[in-house]
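Engineer:
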Amino acid sequence: MNSFWIILFHTYLNKLKTKSFIITTIITVVIVLALTNINNIIDMFDKNGGKEQVAVLDETGQLFEPFKKQVNTINKDINLTLYKSSEKEAEKAVEKGDFKGLIQLRYNNENLPEATFKAMSIADSSLFTDLQTGLQQLKTMLTASQINLTPVQLQKLYEPVSFEKFALEKNAKTEEELNQARGLVYVLLFIIYFSVIMYATMIAMEVATEKSSRVMEILISSVSPIKQMFAKIIGIGLLSLTQLAAFLIVGYLSLTRNLESLKDGFFGVYGFSDIPIGTIVYAVIFFILGYFLYATLAAFLGSLVSRIEDVQQMITPMTLLVVAGFMIAMFGLGKPDAAFITITSYIPFFTPMIMFLRVGMLTIPAWEAILGIAILLATIAALAIFGARVYRGGVLMYGKSNSFKDIKKALQLTKNE
Amino acid sequence: MVLKLEHVTKRFGKFTAVDDLSLEIPEKEMFGFLGANGAGKTTTFRMILGLLDSSGGQISWDGKPINYSTSHLVGYLPEERGLYPKLKVRDQIVYLARLRGMPKSEALIELKTWLERFKIPEYENKKVEELSKGNQQKIQFIAAVVHKPKLLILDEPFSGLDPVNVEMLKEAVIALKENGATIVFSSHQMHHVEEMCEHLCIMHKGSPVVYGALKEIKRSFGKKNLVIHADFPLESLGNFPGVVKAKSTMEGIQLQIEGEYVAEKILKEIVGKGFIRKFSLEEPSLNDIFIEKVGNSYE
Numbered sequence: 001m002n003s004f005w006i007i008l009f010h011t012y013l014n015k016l017k018t019k020s021f022i023i024t025t026i027i028t029v030v031i032v033l034a035l036t037n038i039n040n041i042i043d044m045f046d047k048n049g050g051k052e053q054v055a056v057l058d059e060t061g062q063l064f065e066p067f068k069k070q071v072n073t074i075n076k077d078i079n080l081t082l083y084k085s086s087e088k089e090a091e092k093a094v095e096k097g098d099f100k101g102l103i104q105l106r107y108n109n110e111n112l113p114e115a116t117f118k119a120m121s122i123a124d125s126s127l128f129t130d131l132q133t134g135l136q137q138l139k140t141m142l143t144a145s146q147i148n149l150t151p152v153q154l155q156k157l158y159e160p161v162s163f164e165k166f167a168l169e170k171n172a173k174t175e176e177e178l179n180q181a182r183g184l185v186y187v188l189l190f191i192i193y194f195s196v197i198m199y200a201t202m203i204a205m206e207v208a209t210e211k212s213s214r215v216m217e218i219l220i221s222s223v224s225p226i227k228q229m230f231a232k233i234i235g236i237g238l239l240s241l242t243q244l245a246a247f248l249i250v251g252y253l254s255l256t257r258n259l260e261s262l263k264d265g266f267f268g269v270y271g272f273s274d275i276p277i278g279t280i281v282y283a284v285i286f287f288i289l290g291y292f293l294y295a296t297l298a299a300f301l302g303s304l305v306s307r308i309e310d311v312q313q314m315i316t317p318m319t320l321l322v323v324a325g326f327m328i329a330m331f332g333l334g335k336p337d338a339a340f341i342t343i344t345s346y347i348p349f350f351t352p353m354i355m356f357l358r359v360g361m362l363t364i365p366a367w368e369a370i371l372g373i374a375i376l377l378a379t380i381a382a383l384a385i386f387g388a389r390v391y392r393g394g395v396l397m398y399g400k401s402n403s404f405k406d407i408k409k410a411l412q413l414t415k416n417e
Numbered sequence: 001m002v003l004k005l006e007h008v009t010k011r012f013g014k015f016t017a018v019d020d021l022s023l024e025i026p027e028k029e030m031f032g033f034l035g036a037n038g039a040g041k042t043t044t045f046r047m048i049l050g051l052l053d054s055s056g057g058q059i060s061w062d063g064k065p066i067n068y069s070t071s072h073l074v075g076y077l078p079e080e081r082g083l084y085p086k087l088k089v090r091d092q093i094v095y096l097a098r099l100r101g102m103p104k105s106e107a108l109i110e111l112k113t114w115l116e117r118f119k120i121p122e123y124e125n126k127k128v129e130e131l132s133k134g135n136q137q138k139i140q141f142i143a144a145v146v147h148k149p150k151l152l153i154l155d156e157p158f159s160g161l162d163p164v165n166v167e168m169l170k171e172a173v174i175a176l177k178e179n180g181a182t183i184v185f186s187s188h189q190m191h192h193v194e195e196m197c198e199h200l201c202i203m204h205k206g207s208p209v210v211y212g213a214l215k216e217i218k219r220s221f222g223k224k225n226l227v228i229h230a231d232f233p234l235e236s237l238g239n240f241p242g243v244v245k246a247k248s249t250m251e252g253i254q255l256q257i258e259g260e261y262v263a264e265k266i267l268k269e270i271v272g273k274g275f276i277r278k279f280s281l282e283e284p285s286l287n288d289i290f291i292e293k294v295g296n297s298y299e
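Those protein sequences? They're chains A and B, same order as listed.
At position 250 of the first sequence the residue is numbered 250 (the UniProt record's numbering), and the sequence of numbers has no breaks.
At position 100 of the second sequence the residue is numbered 100 (the UniProt record's numbering), and the sequence of numbers has no breaks.
1. Could you tell me the alpha carbon to alpha carbon distance between B/Glu258 and B/Ile270, rounded to whole angstroms?
2. Please state the DSSP three-state secondary structure of A/Ile103.
3. Secondary structure at A/Val30, three-state DSSP: helix, strand or coil?
4. Determine the direct distance from the alpha carbon of A/Lys92 to that of A/Ser126, and round the result to whole angstroms.
5. Could you check the C-alpha separation between B/Phe240 and B/Ala246 for me, to the nearest Å?
6. At 7 Å on the CB atoms, spell out the chain A contacts of B/Gly13, in chain order.
7. I want to verify the contact list: residues of chain B whose CB lies under 9 Å from the CB of A/Arg214, in sequence order.
8. Just to confirm before moving on: does the CB-CB distance between A/Val196 and A/Val311 stay below 8 Å?
9. Go to B/Thr9, then tell me how far its alpha helix (DSSP H) extends in each direction, as first and last residue.
10. Inspect the beta-carbon positions of residue 431 of chain A and A/Pro113 and report whether they are closer than 8 Å.
11. Taking the C-alpha atoms as reference points, what is the distance between B/Gly32 and B/Glu264?
12. A/Gly394: buried (16+ other C-beta within 10 angstroms of its C-beta) or exposed?
13. Comparing alpha-carbon positions, which option in B/Gly56, B/Ile174, B/Asn179, B/His204 lies nearest B/Val193?
14. Would the segment 298 to 311 of chain A and the segment 150 to 166 of chain A be scored as touching if the rule is three or more Cβ pairs under 8 Å?
15. At which residues does the alpha helix (DSSP H) containing B/Ile257 begin and terminate?
16. Given B/Pro78, which residues of its chain have a CB within under 7 Å of its CB, disregarding the five upstream and five downstream residues?
17. Under the DSSP definition of a beta bridge, which residues are partnered with B/Gln58?
18. Let me check understanding here. Comparing Cα to Cα, which of A/Asn2, A/Thr36, A/Thr25 lies closest to A/Asn258?
19. In the DSSP assignment, find the unbroken beta strand (DSSP E) run with B/Phe33 in it and report its ends.
20. Under three-state DSSP, which class holds B/Asp155?
21. By a C-beta neighbour count over all protein chains shown, 10 Å radius and 16 as the cutoff for buried, is A/Met198 buried or exposed?
22. Tell me which residues share the same chain as B/Arg90 and place their Cβ nearer than 7 Å to its Cβ, disregarding the 5 neighbours each side in the sequence.
23. Smallest Cα separation from B/Glu24: which of B/Glu6, B/Lys104, B/Ala36?
24. Where B/Ala67 and A/Ser224 are concerned, what is the direct C-alpha to C-alpha distance, given to the nearest angstrom?
25. Determine the direct distance from the alpha carbon of A/Leu142 to that of A/Lys51, and round the result to whole angstroms.
26. The segment 86 to 109 of chain B: which residues have C-beta closer than 7 Å to a C-beta of chain A, in chain order?
27. For a cutoff of 8 Å on Cβ pairs, would you count A/Ile364 as touching chain B?
28. When you compare each of B/Pro208, B/Leu176, B/Val145 to B/Glu106 by their alpha carbons, which one comes out closest?
29. Buried or exposed: which applies to A/Val152, given that a residue is buried once 16 or more other Cβ atoms fall within 10 Å of its Cβ?
30. Kindly give me the distance between the Cβ atoms of B/Ile183 and B/Leu161, rounded to whole angstroms, as I take these residues to be in contact under 8 Å.
31. If we define contact as Cβ-Cβ less than 8 Å, is B/Leu3 a contact residue for chain A?
32. Cβ of B/Tyr68 less than 8 Å from any chain A Cβ?
33. Taking B/Asp19 as part of the beta strand (DSSP E), name the residues at either end of that continuous run.
34. Given this structure, state the Cα-to-Cα distance separating A/Val269 from A/Pro276, to the nearest angstrom.
35. At a Cβ threshold of 8 Å, is B/Leu52 touching chain A?
36. Check whether the segment 211 to 224 of chain A and the segment 318 to 336 of chain A touch, using three or more Cβ-Cβ pairs below 8 Å as the test.
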């Protein structure tokens, strides 16, 4: 077998068998399972089937029914119960946990409703807000009837303004589509971000381990450093695909099983039910290219340090680049057509995330994506050629090495003077 | 299958590590490479192996350059020892052997033979980090020779080993040579080279100061050592014509003389002065030659 494949599979199988890899994979699979079953899990902890019980002390004797109607149009999950006993007893019931809170309804001196809300804590602001909104609407209704508006006039007052949105660009995404794209792009950006950092660090560590254990000199006398570098990058790449495949398969199976219950929640809003194939294809392309870009960078940075302790320090600038790209992408999720996003999408170190964001969220001409990919490919090639030379010299250098001056020194080592 | 270095030079920036080195290492011989730290031995080895490109000159083996296409014929024991600490001996050796082009099944047979020979068969399934330093060195040696190389380069093979293990390794190296391998090795210990090598080269600051066949080098050096143990004072012999150096010892005196004729004269001079317990004319040691050529002590 060719030595390239021997190194590739040696790297792949050895990493696959390490405890840390197995443990990380298992933990992540558990997280994926938990996320895809989130509705079931929430239900499991929620005794009342997701309903919040609120006691109502109606001093007026008239407000309870209309109030309940208003609140239920806002949030079906708030269950209002008319409480007939004294305030003290109601408070006790709240303390016991029978109710989430209690609301006292009364008229003020203008004969309009007002209320006091009491709960163990007022941290649950959504419940509080919903009740307030409900009462506000009730008050508006009562005021309107007090000034003798006819139901027709009232209806006019409440009629929502007609407001339609049209994108003039052809094929532009509708609001709904944009929301769907946002969710998918968000998840895929996260995967790209994490994988690039995780696997690039793994490569730098792998190279530094071979160097610090001094096995490197035997290796490079057997197989050319460049072959080794690429065998290693592809070996770890295979590992990353294996791991991601495990997550995706588990995630997909678990998701399809729970699809019905999830449709109304988060996954429905963010449109995971029908995933556009184009976005997935771009995600795969940008994932692979992003991986190669940063893996090459990490491999040659790893070749410059002599001790494993220095790896982290050496690859920090690279990690910051990835983080910066991710930050810009997060900003871009809200404003994908900003000029700033367009420009940064052509900077090769950001392209994998930001160009992907643009193709996922916007309808951009194909040439823009292709240009971005071309620049990225050219950068990878340049980095590979440059990195391979640094790697070749770097692996022979020992001693205190944690500055970028070493790149120059490493290049000098490989030069024919 | 001659290993030939012609006018090889290596510069790192302004520093010249190896300067115009020309060597010819005959097939199936053991060639010793001596020199103080920083003399350029490791750099020369790295150039022979193609790890570093020379700044000038040619290196060829059997008329062809050594590169990755010949790596299955070459074995290398680097001065800085290192193996994968977390890998088992067996996986390690098999991996390294496969990288040098030996199939797994053959590598396993070879590994077993070598472990038996070094009397450590029980370490086959142990991790390298669990072994003692001496045993790690043996594994390292096996890693260098397991694929049956035709050209073996050993950088300081005996450093850091106890005398028993040094003997064991020496026997192994000699056996490899008898099986037809060409061996180049460097050592700090002059007597290893003296014992084992037909040809040698002493490097000093990147240049070869002594180079040739061991016997030839000793003969052409001319000077000999004369050791005299006697019951009467011998210090005055230090000023005897033809004596280069004199050193008093507990039992007598040790002289370096210009040639055999000086010994004859000295013998005539001291006969009759008293009882002479030892009068011995000896070949110069490599150490003497080294000191003479390099100007300072080595060991």
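Where a beta carbon is used, it is the ideal one built from N, C-alpha and C, also for glycine.
None of the values given here were measured: they were computed from a predicted structure.
Structural biologist: By the coordinates alone:
1. 18 Å
2. strand
3. helix
4. 23 Å
5. 10 Å
6. Gln412
7. Pro78, Glu80, Arg81, Gly82, Leu83
8. no
9. Taken as a continuous stretch (DSSP letters only), B/Thr9 belongs to no alpha helix (DSSP H), being part of the beta strand (DSSP E) at 3 to 12.
10. Only positions 1 to 417 of chain A appear in the structure, and residue 431 of chain A is not among them; the question remains open.
11. 34 Å
12. buried
13. B/Ile174
14. no
15. B/Ile257 -> not in any alpha helix (DSSP H); beta strand (DSSP E) instead, spanning 252 to 257.
16. Asp155
17. B/Glu6
18. A/Thr36
19. 30 to 35
20. strand
21. exposed
22. Leu111, Glu124, Asn125
23. B/Glu6
24. First, the amino acid is wrong: residue 67 of chain B is Asn here, not Ala. So the alpha carbons of these two residues sit roughly 9 Å apart.
25. 28 Å
26. Tyr95, Leu96, Arg98, Leu99, Arg100
27. no
28. B/Val145
29. exposed
30. With 8 Å as the limit, B/Ile183 and B/Leu161 do not qualify as a contact, their Cβ atoms being about 17 Å apart.
31. no
32. yes
33. 15 to 25
34. Residue confidence for A/Val269 is low, a pLDDT of 48 falling below 50, so the modelled location carries little weight and cannot support an answer.
35. yes
36. no
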